[in-house]
Amino acid sequence: MENDLFILIGDSLTFGYGIPKNENWVYKLQQSLNYNLINKGVNGNTTIDMLIRFSEDVIANNPTLIFIMGGTNDLLSNKSLSSIIKNIELMIKESLSINSKVILGIPPTIIGSDAYKLFSPSSTYDYCENELSKLREELIKLSKKYNLQYWDFYNLTLENMYTDIFNDGIHLNIKGQNLLFNYASNTLTHNNP
398 MENDLFILIG DSLTFGYGIP KNENWVYKLQ QSLNYNLINK GVNGNTTIDM LIRFSEDVIA
458 NNPTLIFIMG GTNDLLSNKS LSSIIKNIEL MIKESLSINS KVILGIPPTI IGSDAYKLFS
518 PSSTYDYCEN ELSKLREELI KLSKKYNLQY WDFYNLTLEN MYTDIFNDGI HLNIKGQNLL
578 FNYASNTLTH NNP
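Residues in the sequence shown are numbered consecutively from 398, following our numbering.
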């Protein structure tokens with residue numbers, strides 16, 4: 398495993414927006430595992446942005462393991478669930494074509510009312526908050542279709558929603574990052590993808 402390359406592609410929830418790098422769940426995962434791990438999270442990315450850079454950022458590196466998580470920014474931009482699933486499915490197919498193992502990430506929930514207060518007022522926060530549960534269902538179906546492991550950060554954060562895990566209703570604080578890290582670390586240790 399120590400020579401295995403693990404690439405995580407996503408948006409700010411993978412990148413670790415708003416917190417020190419060493420507090421990000423992906424960085425902590427890198428420190429705790431015997432994987433050569435690369436964080437390819439980019440703030441503000443939608444799944445189409447991820448798809449555009451997927452070949453260069455992920456496939457060209459020929460990773461053993463790929464984590465794909467996106468969709469929150471799509472929903473915040475009023476994009477449809479079907480477009481998100483289509484983009485993620487294309488990334489899955491590319492990954493499987495090079496015999497990489499894939500883990501699907503189900504994005505954390507958000508607290509739309511908190512985001513509304515801290516960012517510009519927008520009705521898309523409510524849309525995103527409501528659609529994330531439907532995105533979860535579609536991603537689980539997709540994982541079953543391709544026999545993939547998935548990490549359910551949606552349910553994890555929903556269960557801990559009011560325990561002060563968010564910086565702004567969308568991005569996770571250090572406590573929220575630790576929640577994701579512990580889940581990912583335990584899952585990787587006990588369920589080899």
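In this text, a Cβ means the ideal position worked out from N, Cα and C, and glycines have one as well.
(Q) For residue 562, which residues in the same chain have their Cβ closer than 8 Å to its Cβ, ignoring the five residues on either side in sequence? (A) Here residue 562 refers to the residue found at position 165 of the sequence shown. Counting only Cβ-Cβ distances below 8 Å, and skipping sequence neighbours, we find 554, 569, 570, 572, 573 and 576.
Q. Who does residue 500 pair with in a DSSP beta bridge?
A. The sequence position of residue 500 within the sequence shown is 103, counting from 1. DSSP lists 464 and 546 as the bridge partner or partners of residue 500.
Q. Roughly how many whole angstroms lie between the Cα atoms of residue 448 and residue 565?
A. For this step, residue 448 is matched to residue 51 along the sequence shown. For this step, residue 565 is matched to residue 168 along the sequence shown. Residue 448 and residue 565 have their C-alpha atoms spaced approximately 27 Å apart.
Q. What is the rounded straight-line gap between the Cα of residue 471 and the Cα of residue 454?
A. Here the question's residue 471 lines up with position 74 in the sequence shown. Here the question's residue 454 lines up with position 57 in the sequence shown. Cα to Cα, residue 471 sits roughly 20 Å from residue 454.
Q: Kindly indicate which three-state DSSP category residue 593 falls into: helix, strand or coil?
A: The requested residue 593 does not occur in the structure, where the chain is confined to residues 398 to 590.
Q: Within its chain, find whatever has a CB closer than 6 Å to the CB of residue 440; leave out the 5 residues flanking it on each side and keep chain order.
A: For the purposes of this step, residue 440 is taken as the residue at position 43 of the sequence shown. Counting only residues of its own chain and dropping the five nearest sequence neighbours on each side, residue 440 has a CB closer than 6 Å to the CB of 409, 412 and 414.
Q: Indicate the three-state DSSP secondary structure (helix, strand or coil) for residue 405 in the structure shown.
A: Residue mapping note: residue 405 aligns to position 8 of the sequence shown, counting from 1. Strand.
Q.
For residue 533, count the other beta carbons within 10 Å of its own beta carbon; 16 or more makes it buried, fewer makes it exposed. Which is it?
A. The count along the sequence shown starts at 1 and reaches residue 533 at position 136. The residue is buried, with at least 16 neighbouring Cβ atoms inside 10 Å.
Q. Looking only at C-alpha atoms, which of 432, 418, 497 and 526 sits nearest to residue 509?
A. On the sequence shown, position 112 is the one that residue 509 refers to. When 432, 418, 497 and 526 are compared, the shortest CA-CA separation from residue 509 is found for 526.
Q | For residue 451, the three-state DSSP class (helix, strand or coil) | A | Along the sequence shown, read from residue 1 onward, the residue named residue 451 stands at position 54. In the structure shown, residue 451 adopts helical secondary structure according to DSSP, grouped into three states.
Q) Under the DSSP definition of a beta bridge, which residues are partnered with residue 563? A) Here residue 563 is taken as the residue at index 166 of the sequence shown, counted from 1. In DSSP, residue 563 forms a bridge with 569.
(Q) The beta strand (DSSP E) that contains residue 483, what's its start and end? (A) Here residue 483 corresponds to residue number 86 of the sequence shown, with the count starting at 1. Where residue 483 is concerned, there is no enclosing beta strand (DSSP E), although the alpha helix (DSSP H) it sits in stretches over 478-494.
(Q) Residues in the same chain with beta-carbon distance under 6 Å from residue 424, minus the five sequence neighbours each way, listed in chain order, please. (A) The sequence position of residue 424 within the sequence shown is 27, counting from 1. Correct list, in chain order: 418.
(Q) Tell me the rounded alpha-carbon separation between residue 500 and residue 516. (A) On the sequence shown, residue 500 is found 103 positions in, with the first residue counted as 1. On the sequence shown, residue 516 is found 119 positions in, with the first residue counted as 1. For residue 500 and residue 516, the distance between alpha carbons rounds to 31 Å.
(Q) So residue 484 and residue 521 are supposed to be a Cβ contact under 8 Å. How far apart are they, rounded? (A) Stepping through the sequence shown from its first residue, residue 484 is reached at position 87. Stepping through the sequence shown from its first residue, residue 521 is reached at position 124. 18 Å between Cβ atoms; not a contact.
Q. Whose C-beta lies closer than 6 Å to the C-beta of residue 469 among residues of the same chain, with five residues either side of it excluded?
A. Your numbering for residue 469 matches position 72 in the sequence shown. Closer than 6 Å at the Cβ level, and outside the excluded window around residue 469, lie 504.
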